[in-house]
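Reviewing the structure listed below.
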Amino acid sequence: MSASSSQTTGSKNINVQILAIMIFNFANYLTIGLPMAVLPGYVHDHLGFSAFWAGVAISVQYFATLLSRPHAGRYADSLGPKKIVLIGLCGCLLSGVFYLFAVWQSGTPVVSLVLLCVGRLLLGIGQSFAGTGSTLWGIGRVGSLHIGKVISWSGVVTYGAMAIGAPLGVWIVHLGGLALLSLCIIAIALAAFLLALSKESVARSSASRIPFHQVLGKVLPYGLVLGLASSGFGVIATFITLFYDAKGWGGGAFALTLFSSAFVSMRLLFPDSINRFGGLQVALACFAVEALGLLMVWGAAVPLMALLGATLTGAGFSLVFPALGVVAVKKLPPQNQGSALATYTAFLDLSLGITGPLAGILMTHAGVAAIYLASAFAVCLSGALVLRLIPKEKSVEI
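By the count of the numbering used here, the sequence shown reaches residue 465 at its end, each step adding exactly one.
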């Protein structure tokens, strides 16, 4: 067998090992995607609450995810990633149970809304635990050399599950209402839980762990860069349809489809780029592409230019998270890598939570196009910060 064919076989084997664990993150995000498009309408139209309360019911999950991220990482380090995945899938399962309770109490709207919010809270905790745990479980199976590949596959299954889940959830509700959707969520989480039980766990490090404030100090520079760069993702995902409406164009949803397709395609086409060129170097190239895409959207005079801009933004942002994540996680010893990954991911959660309101304020004063110019500036600032980090990384290597 030739060396090249041997490497190909080895790469396929690594991907199989990773995907054998990433299926649990797929199930995790499928339970998130399924109710995403239907719960706001259920709260507003069926229960009779305002759009504000519909937004609250959705946002509870995101705040729960953000606040539970550090705990997920810490427990993954101490208990092992398999147990954290099982706990997370239990949270996903219980969210479906509480959605079902909410349906049964729909005659009492306040009680039904509270039950929905409890379900969203449990789902948020499940998201952080199952997501963090499955990534660390995958790393434990294939080794720290392939951290970038594990994180990349995690993103692929995440966005794949969300893309499938939203329209599938609408179809299920059309067939049997929220009760049937709740039962589907319970079944998916239960099946994933039982499958995870049968999988072999990975060894935990018995070495002493450093305090959280030291973990935060190591991860902070990369988290700040990620947070700034994530604004591009936020303004495209949240406001691109409003941008198209403001221009009087159709096809805003198609721009979002191209953005997502480019995001996933880059991760599939360039799985080894981080190991080959280095995380910071890949991130720097990604920022250039992302910033160019955002500037194209900002200056778009015709729909095609905006479509190309959205596509470039998705392609550019795609590898930012794994590229910076590899460097951030490797700053910590194995016994603290769970906390490192969870803390690093929290910067993405926080950035997406902040980007919406800030962009909304800017949009009301300067127009919707201005948010893409501002985001391009934030991405360029990310690049400047990485340029300052690269010499430090090289001096550490020497």
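Where a beta carbon is used, it is the ideal one built from N, C-alpha and C, also for glycine.
Quick caveat: nothing in here was measured; it's all calculated off a predicted structure.
TODO: Identify which residue in Ile239, Val177 and Thr132 has its Cα closest to the Cα of Leu190.
DONE: Thr132
- [ ] Classify Thr175 as buried or exposed, calling it buried when 16 or more other Cβ atoms lie within 10 Å of its own Cβ.
- [x] exposed
- [ ] Work out the CA separation of Leu448 and Lys150 for me, nearest whole Å.
- [x] 39 Å
TODO: Any chance you could list the alpha helix (DSSP H) runs of at least 4 consecutive residues sitting entirely within the region 383-412, in chain order?
DONE: 387-397
- [ ] Please report how far the alpha carbon of Ile125 lies from the alpha carbon of Thr305, in whole angstroms.
- [x] 14 Å
Task: Alpha-carbon spacing of Trp120 relative to Val185, whole angstroms - done: Roughly 14 Å separates the two Cα atoms.
Open item on the list: So Val105 and Val240 are supposed to be a Cβ contact under 8 Å. How far apart are they, rounded?
Closed with: 5 Å
Task: Residue ranges of each alpha helix (DSSP H) within the region 282-361, 4 or longer - done: For the region 282-361, whole alpha helix (DSSP H) runs of length 4 or above, ordered along the chain, are 319-336 and 340-344.
TODO: Enumerate in chain order the residues of its own chain whose CB-to-CB distance from Ala70 is below 8 Å, with the five nearest sequence positions on each side excluded.
DONE: With a pLDDT of 43 at Ala70, under the threshold of 50, the modelled position of this residue cannot be trusted, and the question is left open.
Open item on the list: Excluding the 5 residues flanking Tyr166 on each side, which residues of the same chain have their C-beta closer than 6 Å to its C-beta?
Closed with: So the qualifying residues of the chain are Gly186 and Ser249.
Open item on the list: Here's the rule: buried if 16 or more other CB atoms are within 10 angstroms of the residue's CB, otherwise exposed. What is Glu267?
Closed with: exposed
TODO: Can you grab the Cα-Cα spacing for the pair Met372 / Tyr439, in whole Å?
DONE: Going by C-alpha positions, Met372 is about 13 Å away from Tyr439.
Task: Nearest to Val349 (by Cα), restricted to the options Trp365, Val178, Ala382 and Ser328 - done: Ala382
Task: Close-in-space but distant-in-sequence residues of the same chain around Gly290 (CB under 6 Å, 5 per side omitted) - done: Tyr411 and Phe414
Task: Buried versus exposed call for Arg455 [16 or more other C-beta atoms within 10 Å across all chains shown] - done: exposed
TODO: Assign Ser211 to one of three DSSP states: helix, strand, or coil.
DONE: helix
Open item on the list: Rounded to whole angstroms, what is the Cα-Cα separation between Phe229 and Leu262?
Closed with: The sequence as given places Met at residue 229; Phe does not occur at that position. C-alpha separation (whole angstroms): 21 Å.
Task: Closest Cα partner of Pro338 within the set Val209, Ala258 and Leu386 - done: Comparing alpha carbon positions, the residue from Val209, Ala258 and Leu386 closest to Pro338 is Leu386.
Task: Status (buried if at least 16 other CB within 10 Å, exposed otherwise) for Asn80 - done: exposed
Task: Ala169 - containing alpha helix (DSSP H), residue span - done: Pro148 to Trp171
TODO: Using alpha carbons as the reference points, say which of Pro389, Ser265 and Ile252 lies closest to Gly100.
DONE: Ile252
Task: Environment of Asp416 [buried if 16+ CB atoms lie within 10 Å] - done: buried
TODO: Specify the secondary structure class of Gln74 as computed by DSSP and reduced to three states.
DONE: For Gln74, the pLDDT reaches just 44, beneath the cut-off of 50, and the residue's location in the model is therefore unreliable, although a value from the coordinates is still provided. Looking at Gln74 - three-state DSSP - the assignment turns out to be helix.
Task: Beta carbon of Gly200 nearer than 8 Å to that of Gly155 - done: Going by C-beta atoms, Gly200 is nearer than 8 Å to Gly155.
- [ ] Look at the alpha carbon of Gly147 and the alpha carbon of Val269, and state the distance between them as a whole number of angstroms.
- [x] 7 Å
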